[in-house]
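> In our numbering, the protein residues as written are 11 to 348.
Glycine included, C-beta positions come from ideal geometry on N, C-alpha and C.
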Amino acid sequence: MKETFKTVLPNVAFLLLFASEFTYYLLILQTGIVEYHHSLLSQIWMVPLGGMLGIILSVYIYKKQQWLMALLLFLQLLLSFSYASANGLELFALGLISGLTAPMLLYRIEQLWIAVCALALSYAFGTALFHVEAIARTDLALFLSALAFISALFTQTRQHKSISVETVSLYTMGSVFLWLLLDAALFETLSRDSVMHLWGESEFTLTIILSHMAGLAAAYRLRNWAYADMALLVLFVLVYSVYSSGSSLMLSLVYPFVISSYNVIILMKLKRLAYLPLAAISLSLWGASGLGLLIALSHTFAAAWAVLGVLALSTLFKMPGFNLLSWFPNLKSTSFKG
11 MKETFKTVLP NVAFLLLFAS EFTYYLLILQ TGIVEYHHSL LSQIWMVPLG GMLGIILSVY
71 IYKKQQWLMA LLLFLQLLLS FSYASANGLE LFALGLISGL TAPMLLYRIE QLWIAVCALA
131 LSYAFGTALF HVEAIARTDL ALFLSALAFI SALFTQTRQH KSISVETVSL YTMGSVFLWL
191 LLDAALFETL SRDSVMHLWG ESEFTLTIIL SHMAGLAAAY RLRNWAYADM ALLVLFVLVY
251 SVYSSGSSLM LSLVYPFVIS SYNVIILMKL KRLAYLPLAA ISLSLWGASG LGLLIALSHT
311 FAAAWAVLGV LALSTLFKMP GFNLLSWFPN LKSTSFKG
């Protein structure tokens, strides 16, 4: 009984730690601070700057993550008392803490199902409370930070992965960045669309939560499918098409499913990586979020469609047995004479 408890407790603690920090990112860093400051880049730019510097710094200190994680989360708890009205230095500190902790958490993932359960909790909790105004999210910030801090005290440190570590290609890193950008561009655009706004609308809350759960379950069930990237491409084409059609109900069914699916697919890639490439991909998250916000603020959603087109071509060319000439048989017999 005691041995079972010793095995289960760290897993439960890590699940709660991952879920609370991911929810903190969604409700506080990604949306709460941005909403409170009315999306003014001149006021919020310190958050992504701190996040990117934190990720770079984590490469040098991640092996001390057991004590460091708890310390950082305690500092996050203190900063959360006045998160909404935080000054530039405090915003930088919040971003720095997120940048330091995020890759460390991703590096700790050994069993995918724990991370998937954490995502399920995070999406359900975050969606249900998204209607809370940014200025009134202080209690949420404190609760999530306290839960993360307590959970960090009971998690196990993994300085080396027990699973086999894979190398990562520039293509994989680039494609992950573009997937993140596609999601960020659509989410930030939707957040500012008075007609197609979904999150925070009570009529869509249950639909969004159920769609998230379905996406997580489907992606986990098909986690080893060879055509996961192609399926992801089809899903993003579908959700972008639904958004263009103007159907809020259809979007509430499709978009959360796509978000959850692609997060599981990306976690599958990340959990096999050594710390340095994992940190590099984590760095791209901040870049993608920033570019997505710029696309939304500049009303240039056509740029997101262009990114989707680039991903479509690259995914097709990477498919086993794909031959462009087979699509244009006349080209095979064409001869060019000088």
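1. When we look at the beta-carbon of PHE24 and count the other beta-carbons within 10 Å, is it buried (16 or more) or exposed?
2. Which class does LEU208 belong to by DSSP, given the choice of helix, strand or coil?
3. Compute the Euclidean distance between the alpha carbons of LEU163 and LEU277, then round it to the nearest angstrom.
4. Determine which residues share a DSSP beta bridge with ALA154 and list them.
5. Is LEU50 helix, strand or coil when you go by DSSP?
6. Identify which residue in ILE291, PHE311, THR17 and VAL22 has its Cα closest to the Cα of LEU180.
7. Using a threshold of 7 Å, state whether the C-beta atoms of SER30 and LEU154 are closer than that.
8. Out of ILE65, GLY60, CYS127 and LEU27, state which residue places its alpha-carbon closest to the alpha-carbon of LEU83.
9. Verify whether the separation of the beta carbon atoms of TYR265 and VAL244 is less than 7 Å.
10. Can you tell me which of LEU301, ALA130, LEU323 and ILE43 puts its alpha carbon nearest to the alpha carbon of MET314?
11. Jot down the residue ranges of each uninterrupted alpha helix (DSSP H) in the region 269-310, minimum 4 residues, whole runs only, in chain order.
12. What's the gap between the Cα of SER108 and the Cα of LEU188?
13. Quick check: the Cα distance between PHE346 and VAL320, rounded to an integer number of angstroms?
14. Run the proximity test for PRO20: is its beta-carbon closer than 6 Å to any non-hydrogen atom belonging to the ligand COA?
15. Quick one: give me the first and last residue of the alpha helix (DSSP H) that ILE9 is part of.
16. In whole angstroms, what is the alpha-carbon distance linking LEU67 and GLU143?
17. Give a yes or no on whether the C-beta atoms belonging to ILE305 and ALA130 are separated by under 7 Å.
18. Thinking C-beta only, is TRP209 closer than 7 Å to PHE135?
19. Using only CA atoms, which one of THR148, SER204, LEU192 and PHE91 lies nearest to VAL317?
20. If I'm right that LEU286 touches LEU280 with Cβ under 8 Å, what's the distance once you round it to whole angstroms?
21. Helix, strand or coil for ASP203, going by three-state DSSP, please let me know.
22. Could you give the first and the last residue of the continuous alpha helix (DSSP H) run that contains ARG118?
23. Assign PHE91 to one of two classes, buried (16 or more other C-beta atoms within 10 Å of its C-beta) or exposed (fewer than that).
24. How far does the alpha helix (DSSP H) with LEU139 in it reach, from first residue to last?
25. Does the separation of the CB atoms of GLY225 and PHE197 fall below 7 Å?
26. State the Cα-Cα distance for the pair LEU19 and SER95, rounded to the nearest angstrom.
27. Secondary structure at THR165, three-state DSSP: helix, strand or coil?
28. Looking at TYR272 and LEU242, is the spacing between their C-beta atoms short of 7 Å?
29. Shortest alpha-carbon distance to ALA146 belongs to which of GLY184, ALA128, TYR46 and LEU110?
30. Hey, could you find the ends of the alpha helix (DSSP H) ALA238 is sitting in?
31. Using only alpha-carbon positions, find the residue among PHE214, ARG233 and LEU307 that is nearest to SER49.
32. What is the DSSP secondary structure of ASP149, counted as helix, strand or coil?
33. So what's TRP123 in DSSP terms, helix, strand or just coil?
34. Are the beta-carbon atoms of SER257 and ILE218 separated by less than 7 Å?
By the coordinates alone:
1. Label assigned to PHE24: buried.
2. Residue state, collapsed to three classes: coil.
3. In this structure, the CA atom of LEU163 is about 24 Å from the CA atom of LEU277.
4. Checking the displayed sequence, the identity of residue 154 turns out to be Leu instead of Ala. DSSP output for LEU154 lists no bridge partner at all.
5. Residue state, collapsed to three classes: coil.
6. Closest by alpha carbon: ILE291.
7. The criterion of a C-beta distance shorter than 7 Å is satisfied by SER30 and LEU154.
8. When the alpha-carbon of LEU83 is set against those of ILE65, GLY60, CYS127 and LEU27, the nearest one is in LEU27.
9. Judged by beta-carbon spacing, VAL244 lies beyond the 7 Å limit of TYR265, meaning their Cβ atoms are not closer than that value.
10. One detail in the question is off: residue 314 reads as Ala in this sequence, not Met. Minimum Cα distance to ALA314 is reached at LEU301.
11. The qualifying runs are 285-308.
12. C-alpha separation (whole angstroms): 21 Å.
13. The predicted position of PHE346 is uncertain, since its pLDDT is 42 and thus under 50; a value taken from the coordinates is nonetheless stated next. Between the alpha carbons of PHE346 and VAL320 lies a distance of about 29 Å.
14. Here there are no bound small molecules, and the ligand COA is not part of this structure.
15. The question about residue 9 has no answer, for the chain in this structure spans 11 to 348.
16. In this structure, the straight-line span from the alpha carbon of LEU67 to that of GLU143 is close to 33 Å.
17. It is not a contact, given that the beta carbons lie outside the stated cut-off.
18. For PHE135 and TRP209, no; Cβs fall outside 7 Å.
19. Minimum Cα distance to VAL317 is reached at LEU192.
20. Not confirmed; about 12 Å, so no contact.
21. In this structure, ASP203 counts as coil in the three-state DSSP scheme.
22. Run containing ARG118: 98-118, per the alpha helix (DSSP H) assignment.
23. Looking at its Cβ environment, which holds fewer than 16 other Cβ atoms inside 10 Å, PHE91 is exposed.
24. Unbroken run through LEU139: none, as it is neither H nor E.
25. With a cutoff of 7 Å on beta-carbon distance, GLY225 and PHE197 are scored as not near each other.
26. Within the model, the alpha-carbon separation for LEU19 versus SER95 is close to 36 Å.
27. If DSSP states are grouped into helix, strand and coil, THR165 belongs with coil.
28. Less than 7 Å divides the Cβ of LEU242 from the Cβ of TYR272.
29. The residue from GLY184, ALA128, TYR46 and LEU110 with its alpha-carbon nearest to that of ALA146 is TYR46.
30. Where ALA238 is concerned, the enclosing alpha helix (DSSP H) stretches over 238-255.
31. Measuring from the Cα of SER49, the nearest candidate turns out to be LEU307.
32. Here ASP149 sits in helix by DSSP.
33. When DSSP states are grouped into helix, strand and coil, TRP123 belongs to the helix group.
34. ILE218 sits away from SER257, with the two beta carbons spaced by 7 Å or more.
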